[in-house]
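Undergrad: Sharing a structure here in structure tokens format.
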Amino acid sequence: MRRIDYPKRGTPEFDALKDAYKKIYSTAELTQMQMDWNDWKARNHVTTISETVETLMLADVDILADVYERFMALPIRRKMPGSRGRNVRSTELKDLDDIFKYTQHFDDRIAKFFCDHADELHISSCHYCELAYVNTYKVITGGVATYYQHFDVDHFLPKTHCPIIGLSLFNFVPSCQVCNSRIKSSRTVGKTKSEWIQFSPVNATYDFDNDVTIRLRMHKGPDTSFRKKGKYYIYFRCKNGFKTDVDFFHLEERYEFHKMEAMRLKRLKSQYPQSARKKIAEMLGRTEAEVREDLFHKKYLKDNNRCFAKLTEDMLK
139 MRRIDYPKRG TPEFDALKDA YKKIYSTAEL TQMQMDWNDW KARNHVTTIS ETVETLMLAD
199 VDILADVYER FMALPIRRKM PGSRGRNVRS TELKDLDDIF KYTQHFDDRI AKFFCDHADE
259 LHISSCHYCE LAYVNTYKVI TGGVATYYQH FDVDHFLPKT HCPIIGLSLF NFVPSCQVCN
319 SRIKSSRTVG KTKSEWIQFS PVNATYDFDN DVTIRLRMHK GPDTSFRKKG KYYIYFRCKN
379 GFKTDVDFFH LEERYEFHKM EAMRLKRLKS QYPQSARKKI AEMLGRTEAE VREDLFHKKY
439 LKDNNRCFAK LTEDMLK
């Protein structure tokens with residue numbers, strides 16, 4: 139739901155962040171990966187993917203989506219028949235896993251990178267759902283501070299199917315465990331290259347805020363699993379195809395549990411219209427905007443990327 143706050147593309151700050159990410163790998167590691175990647179392509183007669191390891195690591199969302207599409211079109215084995223009728227990962231993919239060593243090798247370094255840049259990137263709530271806080275925390279032992287992560291680093295385009303983007307900076311999304319492990323897993327959000335680009339929170343033009351509005355509606359039809367006749371329910375009004383994103387993460391169903399927060403805002407908005415806020419402001423010697431913020435905390439939630447920031451903003455429209 140929330141775009142990752144990377145520096146503007148093309149700025150020195152953006153280039154510095156990419157350089158910092160590249161430096162978590164040694165020159166020897168990058169050289170060895172490139173040699174192994176070239177060898178893998180030669181063995182498997184791959185001519186449609188010319189990107190180097192460094193390019194793959196630092197490529198933006200649109201290039202990664204194109205690489206993913208080309209990789210998925212390769213005529214290589216994905217599964218091998220295993221014992222007792224099981225399907226096991228193919229040798230071709232296992233070899234790539236060993237080249238682009240995310241799991242149990244580079245994953246800790248990548249997690250530390252996001253911990254180190256958590257404040258800069260404003261990592262505080264899940265970028266997929268904005269229902270759970272994702273953050274870092276510090277433990278001091280013997281005078282030494284150690285930082286830990288309280289979030290998953292999800293691969294937006296799954297490394298399971300395309301290991302060559304397993305180390306790509308702009309394929310990572312800090313997320314909660316529900317969104318990453320229980321819902322998304324190794325699936326893609328969207329079915330086409332254009333949708334992968336559109337629905338990636340890393341994309342500089344990711345526009346969930348303007349394309350989706352969270353509302354309360356009165357249910358008039360027959361009862362469903364969470365909608366009762368004559369009762370309010372949470373509704374996500376979508377345009378430009380974002381219903382796909384909302385349905386993928388079951389946002390309406392998950393936000394329904396927090397409907398009481400939307401109802402609270404609806405009630406407060408009714409009890410304290412602008413006229414009432416102006417009177418309170420006059421009595422307290424404050425501005426109407428300050429009273430509004432005290433009541434609804436809209437600016438605080440939005441500026442600090444807190445959970446329910448969008449819900450609050452949309453309910454107050």
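Numbering (my numbering), first residue to last: 139 to 455. Heads up, the beta-carbon is just placed ideally off N, CA and C, and yes, glycines get one too.
Roughly how many angstroms lie between the CA atoms of T343 and V199, to the nearest whole one?
TA: Whole-angstrom Cα-Cα distance: 10 Å.
Undergrad: According to DSSP, is T165 part of a helix, a strand, or is it coil?
TA: In the structure shown, T165 sits in a helix (DSSP, three-state: H, G or I).
Undergrad: Is S228 near R216, with beta carbons less than 8 Å apart?
TA: Yes, they are a contact pair.
Undergrad: Return the CA-CA distance between K437 and A447, expressed in angstroms with no decimal places.
TA: Rounded to whole angstroms, K437 to A447 spans 8 Å at the Cα level.
Undergrad: Using DSSP's beta-bridge definition, name the partner residues of F310.
TA: Paired residue(s): H293.
Undergrad: Judging by CA-CA distance, which residue of L433, T149, R402 and G281 is the nearest neighbour of Q412?
TA: Out of L433, T149, R402 and G281, L433 has the C-alpha closest to the C-alpha of Q412.
Undergrad: Contact defined as beta carbons within less than 8 Å: I believe H265 pairs with R140. What is the distance between those atoms, to the nearest angstrom?
TA: About 5 Å; that satisfies the 8 Å criterion.
Undergrad: Within this structure, are the beta carbons of E399 and Y373 separated by less than 8 Å?
TA: No, they are not a contact pair.
Undergrad: Can you tell me which of the three DSSP states V316 falls into?
TA: Note: V316 maps to helix in three-state DSSP.
Undergrad: Note down the Cα distance separating S263 from N443, rounded to an integer number of angstroms.
TA: Taking the straight line joining both Cα atoms gives about 6 Å.
Undergrad: Determine the contact status of F238 and I321, defining contact as a CB-CB distance below 8 Å.
TA: In this structure, I321 does not lie closer than 8 Å to F238 by Cβ.
Undergrad: Taking C-alpha atoms, which residue in T362, C376, F364 and R353 lies nearest to M401?
TA: Out of T362, C376, F364 and R353, R353 has the C-alpha closest to the C-alpha of M401.
Undergrad: What do you reckon, are the CB atoms on N176 and I214 nearer than 8 Å?
TA: No, the pair does not count as a contact, with Cβ atoms beyond the cut-off.
Undergrad: Taking the beta strand (DSSP E) that T274 belongs to, which residues open and close that run?
TA: First-last of the beta strand (DSSP E) with T274: N273 to T279.
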